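Some notes on the structure that comes next.
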Amino acid sequence: MEYRQLGRSGLKVSTITLGTMTMGGKGNFAKVGNVGPDEARRQIDMCLDAGVNLIDTANVYSNGASEEIIGEALGGRRKGGVLLATKARFAMGEGPNDRGLSRYHLIRECEASLKRLQTDVIDLYQVHEWDGLTPLEETLEALDTLVRQGKVRYIGCSNYSGWHLMKALGISEREYRQRFISQQIHYTLEAREAEYELIPIALDQGLGVLVWSPLAGGLLSGKHRRNQAAPEGTRQLAGWMEPPIRDENRLWTIVETLASIAENRNVSAAQVALAWLLGRPAVTSVVIGGRTETHLADNLGAADLKLTPEERTSLDQVSTLPVLYPYWHQLQTAKDRLSIADLSLLGPHI
């Protein structure tokens, strides 16, 4: 297992992170998975044995059940270097203050997560989504307070746009607040929109990148094929609508390319998709989960898979997005003075 530094922090995390949205199986999250306490304990053991040192969850996953299961499964093993990441933002009740990124909601939810996780400190506390009603100054002050109280070690964000992220980083610098060390984003061969803004920002500002749903909800696992119904037991058959697919023909072309490489390498398509991500600029770790131990074991194998330049080129070619404005203009008129961050998007087109 390889360990990479998470942003500008001194924290090193495994290139594979255990995601736990499948744990709990309550409410809408039952469409994703229904991993109970015993199986969760086995999955955690598998990951720790493989060298995974980061477990990612959120308060909203099965309305707290995911955090509770992790707390029970880990017991006293937090002393072994296991890192815990969780998130807050979404509704945890019916009241007007039971959602969002206000000081009230964040501090209350952090303390509730600590209890469910049976720990004194959360290693990475992430705001789960943008809140356009709460001033960023208030959110960042609350996160700063949690760090200074010793309840949180590092902070990160998830699902922010480029301007949201840069505004937050600017406020942290101006007001001497704790700074995001990472962003958790959706980024796959099928969905490369993060390359327009979020990946260049990560490179320029020194942010780690954790990738959620790196197999596009299982669509890149190799189980889904062109002109075939969704297999039994998958998220799509259960009605889970993330991520949106805007060009189905492009998706299946990507899947066919993945499958061809996988067959030649005698590995799974899922491993190829994950290995492609781990070789992309700024990516620190991919967050994987599994409905079953078999799925999880297969995904863990991606940590050791290195793609050839030819394999990467073939995947890049079938998945490249159009160069939007102002990037096409920069490509034509500014390519003599581009930074590493600029080149992460424009480099392949020069």
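The opening residue of the sequence shown carries number 0 in numbering that gives the first Met the number 0; numbering runs sequentially from there.
Where a beta carbon is used, it is the ideal one built from N, C-alpha and C, also for glycine.
All values derive from a computational prediction rather than experimental measurement.
Is residue i helix, strand or coil by DSSP?
i      : result
LYS86  : strand
LYS11  : strand
MET22  : strand
SER259 : helix
TYR60  : helix
HIS104 : helix
ILE253 : helix
SER181 : strand
THR144 : helix
LEU295 : helix
GLN204 : helix
LEU5   : coil
LEU116 : helix
TYR326 : helix
LEU188 : coil
Among residues of its own chain, excluding the 5 on either side of residue i, which ones have a beta-carbon nearer than 6 Å to its beta-carbon?
i      : result
SER65  : THR19, MET22, GLY23, THR56
GLY32  : THR21, ARG290
ALA281 : ILE198, ALA201, LEU202, VAL208
VAL126 : ARG88, LEU100, CYS156
TYR2   : LYS11, SER13
LYS334 : ILE349
If we define contact as Cβ-Cβ less than 7 Å, is residue i a contact residue for chain B?
i     : result
ALA87 : Of the chains in the structure shown, none is chain B; there is only one protein chain.
For residue i, count neighbouring C-beta atoms within 10 Å of its own C-beta (all shown protein chains included) and say buried if the count is 16 or more, exposed if not.
i      : result
ILE15  : buried
ARG98  : buried
LEU250 : buried
TYR60  : buried
GLU262 : exposed
TRP35  : Rather than Trp, the amino acid found at residue 35 in this sequence is Gly. The residue is exposed, with fewer than 16 neighbouring Cβ atoms inside 10 Å.
PRO347 : exposed
SER194 : The identity of residue 194 in the sequence shown is Glu, whereas the question assumes Ser. It is buried - the Cβ of GLU194 has at least 16 other Cβ atoms within 10 Å.
SER160 : exposed
LEU236 : Note that LEU236 scores a pLDDT of 40, beneath 50, so its modelled location is shaky; the value from the coordinates is reported in the next line. Exposed, because fewer than 16 other Cβ atoms sit within 10 Å of the Cβ of LEU236.
ARG115 : buried
GLU174 : exposed
THR283 : buried
Leaving aside the five residues before and after residue i along the sequence, list all residues of the same chain whose C-beta is less than 8 Å from its C-beta, in chain order.
i      : result
THR187 : VAL210, SER212, PRO213, LEU214, ALA215, LEU219, PRO242, ALA272, LEU276
SER171 : LEU139, GLN177, ARG178, PHE179
GLN329 : LEU337, ASP341, LEU345
GLY221 : VAL254, LEU257, ALA258, ALA261, SER267, ALA268, ALA269
THR332 : none
ASN96  : TYR103, HIS104
ALA49  : MET0, ILE15, LEU299, ALA302
In chain order, what residues of the same chain lie with their CB nearer than 7 Å to the CB of residue i, ignoring the 5 residues before and after it?
i      : result
ASP122 : LEU82, LEU83, ALA84, ARG152, TYR153
THR252 : VAL317
LEU132 : GLY99
HIS163 : TRP129
GLU108 : ASN58, ALA87, MET91
Using CA coordinates, which residue listed in the options is at the minimum distance from residue i?
i      : options                       : result
ARG102 : LYS114, GLN183, ALA87         : ALA87
ILE69  : VAL317, ASP341, LEU17         : LEU17
PHE179 : THR283, ILE349, LEU5          : LEU5
ALA268 : GLY300, GLY94, VAL51          : GLY300
VAL146 : TYR124, LEU100, MET91, ALA296 : TYR124
LEU350 : GLY94, ARG76, ARG279, LYS305  : Examination of residue 350 is not possible in this model, given that the chain is present from 0 through 349 alone.
THR118 : SER338, LEU168, GLU67, GLY92  : GLU67
GLY217 : GLY149, LEU142, LEU295, ASP37 : LEU295
ILE43  : PRO95, ARG77, VAL120          : ARG77
GLY169 : THR144, LEU135, GLN182        : LEU135
GLY9   : LYS150, ILE54, SER181         : SER181
GLY288 : ARG7, GLU38, MET0             : GLU38
Decide if the stretch 314-325 is in contact with the stretch 23-40; the criterion is three or more beta carbon pairs, one per stretch, under 8 Å apart. no
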